[in-house]
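**Student:** Have a look at this one before I ask anything.
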Amino acid sequence: MEKQKIILVDDHTIIRNGLKELIEKLGPFKIVGEYGNGLELIKVLPLKVVPDLIIMDIAMPEMDGEETMANLNKQGNKVPVLILTLNQDDAKMIRLFRLGVRGYLQKNCTASAMREALEEIFRCGYYHNEFLTRSLMANEPSHRKNEQQTILEQLTDREKEFLKHVCHEKEYTYDQIAGLMNVQHRTVDGYRESIFEKFGIKSKTGLVLFILRHNLLEHL
Numbered sequence: 235m236e237k238q239k240i241i242l243v244d245d246h247t248i249i250r251n252g253l254k255e256l257i258e259k260l261g262p263f264k265i266v267g268e269y270g271n272g273l274e275l276i277k278v279l280p281l282k283v284v285p286d287l288i289i290m291d292i293a294m295p296e297m298d299g300e301e302t303m304a305n306l307n308k309q310g311n312k313v314p315v316l317i318l319t320l321n322q323d324d325a326k327m328i329r330l331f332r333l334g335v336r337g338y339l340q341k342n343c344t345a346s347a348m349r350e351a352l353e354e355i356f357r358c359g360y361y362h363n364e365f366l367t368r369s370l371m372a373n374e375p376s377h378r379k380n381e382q383q384t385i386l387e388q389l390t391d392r393e394k395e396f397l398k399h400v401c402h403e404k405e406y407t408y409d410q411i412a413g414l415m416n417v418q419h420r421t422v423d424g425y426r427e428s429i430f431e432k433f434g435i436k437s438k439t440g441l442v443l444f445i446l447r448h449n450l451l452e453h454l
């Protein structure tokens, strides 16, 4: 089995060494790069070996996790980012989430929690746990509404119709959705791929989570 390539960004060498040893024992994962802060990572972009995941600390010298995420976005980064942190500042975590972070883990997490996070991100594009859920619930309603509106503005009417069928309680297949929309299967594939590209989603499961997380269903 081909191993998933991971980059570590943390200013503590001992933590990076520990993470490397742990992660490579958890499954088909390989650490292909290590950086002491965000600036070190940004300086070497574009990377010769493109990773499948970046695991990054929030609090770092030179360039912290939030600034690094903003810089990665400016450079068109499509690699998922998992944040490791001891910081429980909900406002900061929400800002990072809006910048595209795919999940959070506390630095004192168990090995099983780390394995679950890695597997979930590689399976559906996101990792959801109580740490992240608490932060999302603390987000101000006005901010949620603005983010929701931004997403809706990026969707065409037919893409919205497609998403409504995807989240239906009958769990329609893509073939069934094509029939309901009176289009060919490849047209439905086009809707799906367009949405995946716009929002960095990898799977049907990730798509459903995205819809539910942003409370989009009532607006479709």
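Using the numbering used here, the letters of the sequence shown map in sequence onto residues 235 to 454.
Glycine included, each C-beta is placed from N, C-alpha and C at the ideal position.
If you're wondering where the values come from, they're calculated on a predicted model, not measured in any experiment.
1) Which residues does DSSP pair with D291 in a beta bridge?
2) Is it the case that the Cβ atoms of G272 and G310 are separated by a distance below 8 Å?
3) Label M327 either buried or exposed according to how many other C-beta atoms from any shown protein chain fall within 10 Å of its C-beta, with 16 as the threshold for buried.
4) State buried or exposed for L279, treating a residue as buried only when at least 16 other CB atoms are found within 10 Å of its CB.
5) With a threshold of 6 Å on Cβ separation, who are the neighbours of T390 within its own chain once the five nearest residues in sequence on each side are excluded?
6) Measure the C-alpha to C-alpha separation of V264 and L287 and round it to an integer number of angstroms.
7) On the premise that A345 lies in contact with N260, defined as a C-beta separation below 8 Å, what is that separation, rounded to the nearest angstrom?
8) Anyone know if the C-beta pair for R449 and Q382 falls short of 8 Å?
9) Between the C-alpha atoms of C401 and I248, what's the straight-line distance to the nearest angstrom?
10) How many angstroms separate the CA atom of Y361 from the CA atom of K398?
11) At which residues does the beta strand (DSSP E) containing L339 begin and terminate?
12) Is L274 helix, strand or coil when you go by DSSP?
13) So, using beta-carbon positions, are P314 and I355 closer together than 8 Å?
**Tutor:** This is what the structure gives:
1) L318
2) no
3) buried
4) exposed
5) none
6) Sequence inspection shows Lys at residue 264; the Val mentioned does not correspond to that position. Taking the straight line from one Cα to the other gives about 10 Å.
7) Residue 260 is actually Leu in this sequence, not Asn. Between A345 and L260 the Cβ distance is about 7 Å, and since that is below 8 Å, they are a contact.
8) Looking at the sequence provided, one finds Asn at residue 449 rather than Arg. Closer than 8 Å, so yes.
9) 44 Å
10) 23 Å
11) 337-340
12) The question names Leu, but residue 274 in the sequence shown is Glu. In the structure shown, E274 sits in a helix (DSSP, three-state: H, G or I).
13) yes
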